[in-house]
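S.K.:
There are 2 protein chains.
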Amino acid sequence: MAEIYDQMNEKTKEKIQSVFLQLLEDRHFNKISVQTIAQAAGINRGTFYLHYLDKYDLLDRMEASLLEGLENHLRQLQPGPLLEEAEKGAISFQAVGVFHYIGQHEEWFRVFLGEHNQSGFHRRLKDFFVRHFLDKIIANPDFFKTATVPADYLSAFATSAFLGLIEQWLDNGLAESPAEMADMYIRIIFFIRNLDGRQ
Amino acid sequence: MAEIYDQMNEKTKEKIQSVFLQLLEDRHFNKISVQTIAQAAGINRGTFYLHYLDKYDLLDRMEASLLEGLENHLRQLQPGPLLEEAEKGAISFQAVGVFHYIGQHEEWFRVFLGEHNQSGFHRRLKDFFVRHFLDKIIANPDFFKTATVPADYLSAFATSAFLGLIEQWLDNGLAESPAEMADMYIRIIFFIRNLDGRQ
DNA sequence: TATACCAATCAACACCGTGTTGAGTGGAAA
DNA sequence: TTTCCACTCAACACGGTGTTGATTGGTATA
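In the order they appear, the protein sequences are chains R and G. Each residue of the first sequence is one higher than the one before, starting from 0 at the first, in numbering that gives the first Met the number 0. Each residue of the second sequence is one higher than the one before, starting from 0 at the first, in numbering that gives the first Met the number 0.
Right, here's the structure in full:
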């Protein structure tokens with residue numbers, strides 16, 4: 000029954016994280032000191048250092064856990080069935096799930112992609128998508144048969160476009176449903192497929 | 000003949016900027032102090048404050064001057080002629096000029112878009128393009144007749160894609176010529192135009 | 001030639017945030 | 001009762017900040 004210590008530990012960490020997120024909403028990362036975080040969280044400054052190395056460590060771990068959650072959703076997303084469904088005009092249930100996850104963690108994504116963050120989360124998220132997602136599809140020889148644009152540009156183009164979509168969604172205050180977003184995303188994938196052979 | 004003072008002043012500023020750029024190439028912005036900049040530039044720390052408010056001010060002004068240069072190239076870029084030329088299969092001379100400008104300021108763009116910068120230059124550059132460039136084209140009713148995707152998403156999508164292209168170009172060490180890049184860019188614009196009506 | 005000018009220097013300043021320390025508190029577990 | 005442990009608290013040296021006032025040494029002007 001030593002779990003109560005873990006609970007205390009976890010509770011403090013959560014408090015630190017939520018306070019930090021709030022602070023990031025109206026202040027740039029550089030202007031947030033450990034002092035301020037501790038004060039706002041109602042803990043001693045020393046306590047912060049019992050949990051995190053410094054504020055960069057805090058940010059890193061929060062971003063990592065966000066990406067981990069996203070990865071769990073993307074892992075189940077198989078390109079094959081996804082495109083088959085889309086071909087039939089259906090919206091992939093799994094693709095909707097990814098947008099749902101983003102929607103559920105709206106503030107996190109908004110803050111980490113926003114102007115007050117500095118850590119290059121945008122770039123990491125882009126690399127993340129390239130690695131986990133679009134590369135599988137773009138590398139699929141059945142899908143992209145006759146591309147006239149080099150593969151790396153195709154990938155960069157598609158991933159950035161996808162990220163742009165997400166950012167616009169966040170800017171719009173999540174006005175569209177995850178299903179609508181998934182639909183738009185499917186459209187984009189099809190644009191890219193049709194990238195050749197027109198004009 | 001008081002210009003010699005301006006020359007001294009300008010020379011010091013240039014030295015500060017070039018040193019700062021070099022430092023940003025292998026160190027994160029947060030890890031660069033005014034001390035270090037002054038030392039590397041061979042000037043007194045106090046002298047730095049005669050020219051800039053702080054290191055944020057230095058960064059802001061450098062980014063601003065880079066965008067100003069870019070703006071000068073984009074200003075002359077009229078959507079009408081550009082698309083007419085593209086329609087004929089020609090590569091716009093002016094579009095090539097924009098990529099040429101980026102290529103000429105390779106290190107600046109690389110550093111400011113890279114992981115060591117923090118100021119959200121990516122987002123500012125994206126907003127810049129939305130404002131100066133793609134909006135004109137996308138808003139052109141003659142060009143995009145029947146879009147099924149909302150205009151703001153279309154714009155976000157297109158701009159992000161364009162930026163992705165530039166980033167990939169920089170990552171590739173400018174392996175392609177400005178003309179090739181302009182060609183790819185034209186392709187993308189045409190994809191977007193054909194965004195509707197398939198599938 | 002004198003002198004006003006100006007970029008840059010230099011030393012010193014108070015200030016703030018950092019990360020670490022060692023000793024101590026209070027509630028839960030053994 | 002004693003041990004355990006998250007957390008508190010005060011103090012520390014350190015390093016970077018932005019500002020100050022006085023000074024140097026070339027350059028232009030009267």
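Ideal placement from N, C-alpha and C gives every residue a C-beta, glycine not left out.
#1: Does the CB of G45 of chain G have a neighbour CB from chain R at under 8 Å?
#2: Would F127 of chain G count as contacting chain R if we go by Cβ distances under 8 Å?
#3: Taking Cβ-Cβ distances shorter than 9 Å, what residues in chain G pair up with R130 of chain R?
#4: Who are the near neighbours of L173 of chain R in its chain, counting only those whose CB is closer than 8 Å to its CB and skipping five residues on each side?
#5: In chain R, which residues lie with their C-beta within 7 Å of the C-beta of I187 of chain G?
#6: Assuming Q21 of chain R is part of the alpha helix (DSSP H), what are its boundary residues?
#7: Taking Cβ-Cβ distances below 8 Å as the criterion, which residues of the stretch 25 to 36 of chain R are in contact with chain G?
#8: What are the boundary residues of the alpha helix (DSSP H) that includes E106 of chain R?
#9: Would DSSP call N71 of chain R helix, strand or coil?
#10: If you reduce the DSSP assignment to three classes, tell me which class P149 of chain G lands in.
#11: How is I185 of chain R classed by DSSP in three states: helix, strand or coil?
#12: Would you check if there are 3 or more beta carbon pairs closer than 8 Å linking the stretch 52 to 62 of chain G to the stretch 40 to 57 of chain R?
#13: Determine the direct distance from the alpha carbon of G68 of chain R to that of T46 of chain G, and round the result to whole angstroms.
#14: Taking C-beta pairs closer than 7 Å, name the residues in chain G that Y152 of chain R reaches, listed in chain order.
#15: From A30 of chain G to P149 of chain R, what does the alpha carbon distance come to, in whole angstroms?
#16: Report the three-state DSSP secondary structure of A174 of chain G (helix, strand or coil).
#17: Taking the alpha carbon of L73 of chain G as the reference point, which residue from G:H131, G:T158, G:I165, G:Y184 has its own alpha carbon closest?
#18: Within 8 Å (strictly less), CB to CB, does G119 of chain R reach chain G?
#19: Kindly list, in the order they appear in chain R, the residues whose Cβ is closer than 8 Å to that of V148 of chain G.
#20: Counting only the same chain and skipping the five closest in sequence on each side, list residues whose C-beta sits under 6 Å from that of Q198 of chain R.
#21: According to the Cβ coordinates, are F28 of chain G and H115 of chain G closer than 8 Å?
#22: Which residues of chain R have a Cβ atom closer than 8 Å to the Cβ of R60 of chain G, listed in chain order?
#23: From N171 of chain R to H99 of chain R, what distance separates their C-alpha atoms?
#24: If you measure from the beta carbon of G196 of chain R to each beta carbon in chain G, is any gap under 8 Å?
#25: Drop a sphere of 10 angstroms on the beta-carbon of M7 of chain R, count the other beta-carbons inside from all chains shown, and report buried for 16 or more, exposed for fewer.
#26: Grab the span of the alpha helix (DSSP H) containing G45 of chain R for me, first residue to last.
#27: Look at S118 of chain R and G163 of chain G and say whether their C-beta atoms are less than 8 Å apart.
#28: Could you give the distance in angstroms between the alpha-carbon of L169 of chain G and the alpha-carbon of P177 of chain G?
#29: Apply the 10 Å Cβ neighbour rule to S200 of chain R and answer buried if 16 or more other Cβ atoms are within range, or exposed otherwise.
#30: Just reading off the alpha helix (DSSP H) that K125 of chain R is part of, what are its end residues?
M.R.: Taking the definition as stated:
#1: Not an interface residue.
#2: Residue contact with chain R for F127 of chain G: absent (no Cβ-Cβ distance below 8 Å to any residue of chain R).
#3: Within 9 Å of the CB of R130 of chain R, no CB atom of chain G is found; the nearest one sits about 15 Å away.
#4: Correct list, in chain order: G102, E105.
#5: Residues of chain R passing the Cβ test: F156.
#6: Per DSSP, Q21 of chain R belongs to the alpha helix (DSSP H) from 2 to 25.
#7: Residues of the stretch 25 to 36 of chain R that bring their beta carbon within less than 8 Å of a beta carbon in chain G comprise F28, N29, in sequence order.
#8: 105 to 112 is the span of the alpha helix (DSSP H), which, as asked, contains E106 of chain R.
#9: Look at N71 of chain R here: in three-state DSSP terms it is helix.
#10: In the structure shown, P149 of chain G sits in coil (DSSP, three-state: anything other than H, G, I, E or B).
#11: I185 of chain R: helix per DSSP, three-state reduction.
#12: Note that the stretch 52 to 62 of chain G does not touch the stretch 40 to 57 of chain R; fewer than 3 beta-carbon pairs, one per stretch, sit closer than 8 Å.
#13: Whole-angstrom Cα-Cα distance: 49 Å.
#14: Result: L164, Q167, M183.
#15: The identity of residue 30 of chain G in the sequence shown is Lys, whereas the question assumes Ala. If you take the alpha carbons of K30 of chain G and P149 of chain R, they lie about 37 Å apart.
#16: Residue state, collapsed to three classes: coil.
#17: For the set G:H131, G:T158, G:I165, G:Y184, the Cα lying nearest the Cα of L73 of chain G is the one of G:H131.
#18: Yes, its Cβ sits closer than 8 Å to a Cβ of chain G.
#19: Correct list: M183, R186.
#20: With a pLDDT of only 35 at Q198 of chain R, under the threshold of 50, the placement of this residue in the model should not be trusted, and no figure is reported.
#21: Yes, the Cβ-Cβ distance between F28 of chain G and H115 of chain G is below 8 Å.
#22: Contact note: R60 of chain G does not reach chain R at a C-beta cutoff of 8 Å; the least C-beta distance is about 17 Å.
#23: Using only the alpha carbons, I get a separation of about 15 Å.
#24: Low confidence applies to G196 of chain R: its pLDDT is 41, below 50, so where it sits in the model is not reliable enough to give any reading.
#25: M7 of chain R is exposed by the Cβ-count criterion.
#26: For G45 of chain R, the enclosing alpha helix (DSSP H) stretches over residues 44 to 50.
#27: Inclusion of S118 of chain R and G163 of chain G in the CB contact set at 8 Å is not warranted, their separation being larger than that value.
#28: Taking the straight line joining both Cα atoms gives about 12 Å.
#29: This structure cannot speak to residue 200 of chain R, because chain R is shown only from 0 to 198.
#30: From DSSP, the alpha helix (DSSP H) with K125 of chain R extends over 120 to 128.
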